[in-house]
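Down below is the structure, laid out as structure tokens.
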Amino acid sequence: MNTELQVSLNSGVVLQGCAYRILNDRIVISIEKIANNRVNHSLSGTLRVQMCALPLTRDLHAEPLILASTTIGEINDQHCLVDCVYDLIFQQPLTGSWQLCLQLSEWNGNDYVACDIAYFSLPYHVELTDAELTHIEPTDVELTSAEPTDVKTKAAEPNEQQPDSIPATTKAIETKEEVQSVATVDRPELVKKNATGCSTGYIAINQSKVDQLLKVKGVSKKVLEKLIAERPFPSDKAVLNVKGMGPVMLAKVIHCLSL
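Note that our numbering numbers the sequence shown so that position 126 is 127, with each residue one more than the last.
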């Protein structure tokens with residue numbers, strides 16, 4: 002089981018003790034407690050639990066992917082559900098590296114609004130399968146061969162001439178081996194900096210605790226509360242779309258979170 006980094010949105014409806022286990026096309030989500038801590042003597046809205054994936058790349062156009070989802074009904078205030086286990090269909094994300102998070106949302110009559118989010122710090126990696134490797138066109142990978150060192154060689158006899166192209170079977174085998182080596186070699190991740198000079202902008206905001214964000218100096222409390230309410234962000238561009246947030250403000254937030 003993989004455990005979480007908890008980020009509360011102060012909604013009164015919270016998750017506690019989240020973990021997951023992926024088994025082929027199924028995911029088993031376990032939650033120690035889902036609690037309604039409100040005291041207004043009313044039911045919560047219909048609650049929904051979703052496992053989401055956020056890209057670790059700097060693709061500003063990428064959106065969070067929903068990997069699994071279920072609704073769990075309503076909870077009275079000052080009540081809770083304990084030892085929850087959900088065995089759900091798992092939608093595998095595309096090839097790449099992802100940050101998984103478990104999101105609890107509540108129906109407000111018009112839409113689901115995020116109440117609490119648990120981020121899992123261990124990245125989820127999806128590699129190319131053998132079937133995908135065998136379907137890669139050989140021309141996608143450049144094949145290298147040894148070049149003759151003596152340029153003044155005699156023309157080959159008709160029965161000694163080399164074939165114009167490498168046989169298809171040999172070429173496909175060599176291509177598969179080379180692609181596999183490229184896919185399995187571990188390389189240090191190169192993180193590109195954004196326009197504000199921050200290398201972990203939206204991820205830092207997503208993973209920070211509420212009290213850390215509210216202590217950021219130089220940014221109005223209303224803007225900080227909007228950042229907290231609208232998390233998780235898929236990109237720095239999404240953060241900049243929050244009303245009152247610009248590149249200078251974003252730089253201040255990231256600077257304060259990094260102290």
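A virtual CB, placed ideally from N, CA and C, is assigned to each residue, including glycine.
Pairwise C-alpha distance: residue j and residue i
i: R22; j: S70; result: 15 Å
i: K218; j: L105; result: 29 Å
i: L144; j: T58; result: Note that L144 has pLDDT 46, beneath the 50 cutoff, so the model's placement of it is unreliable and no number is given.
i: S31; j: V83; result: 10 Å
i: L225; j: R27; result: 37 Å
i: L129; j: K216; result: 43 Å
i: L251; j: C116; result: 24 Å
i: S12; j: V254; result: 22 Å
i: L24; j: S221; result: 45 Å
i: F91; j: A230; result: 27 Å
i: L89; j: Q208; result: 25 Å
i: T96; j: D237; result: 22 Å
i: I73; j: L214; result: 30 Å
Cut-off 8 Å between Cβ atoms - residues of its own chain near residue i, not counting five sequence neighbours on either side
i: G247; result: L241
i: Y113; result: R49, S106, E107
i: C53; result: P65, L66, I67, L68, L101, C102, L103, Q104, P233
i: P235; result: L55, P56, A63, E64, P65, Y203
i: E75; result: L44, S45, G46, T47, L48
i: P94; result: A54, L66, L68, Y125, V127
i: R39; result: G13, V14, S45, D78, Q79
i: D212; result: none
As assigned by DSSP and simplified to three states, the class of residue i
i: K227; result: helix
i: I265; result: Here the chain has residues from 2 to 260 only, and residue 265 is not among them.
i: Q104; result: strand
i: M1; result: The structure shown does not extend to residue 1, since the chain spans only 2 to 260, so no value can be given for it.
i: I90; result: strand
i: K253; result: helix
i: I1; result: No answer is possible for residue 1: it lies beyond the span of the chain, which begins at 2 and ends at 260.
i: D212; result: helix
i: L68; result: strand
i: V83; result: strand
i: V240; result: helix
i: L258; result: helix
i: K218; result: coil
Own chain, CB closer than 6 Å to residue i, minus 5 neighbours either side, in chain order
i: A36; result: V15, C81
i: Q17; result: E33, K34
i: C19; result: E5, I32, L103, A119
i: Y87; result: I30, T71
i: Q51; result: I67, S70, Q104
Whether residue i touches residue j by CB criterion (8 Å)
i: G245; j: K210; result: no
i: V243; j: L228; result: yes
i: N111; j: G46; result: no
i: A205; j: L258; result: yes
Residues of its chain near residue i, where Cβ-Cβ distance is below 7 Å and the 5 sequence neighbours each way are ignored
i: N41; result: D78
i: H126; result: S98
i: H256; result: none
i: A239; result: Y203
The ligand PLP heavy atom lying under 7 Å from the CB of residue i
i: D26; result: Inclusion of the ligand PLP in the displayed structure is not the case, the ligand content being empty and no account of it being possible.
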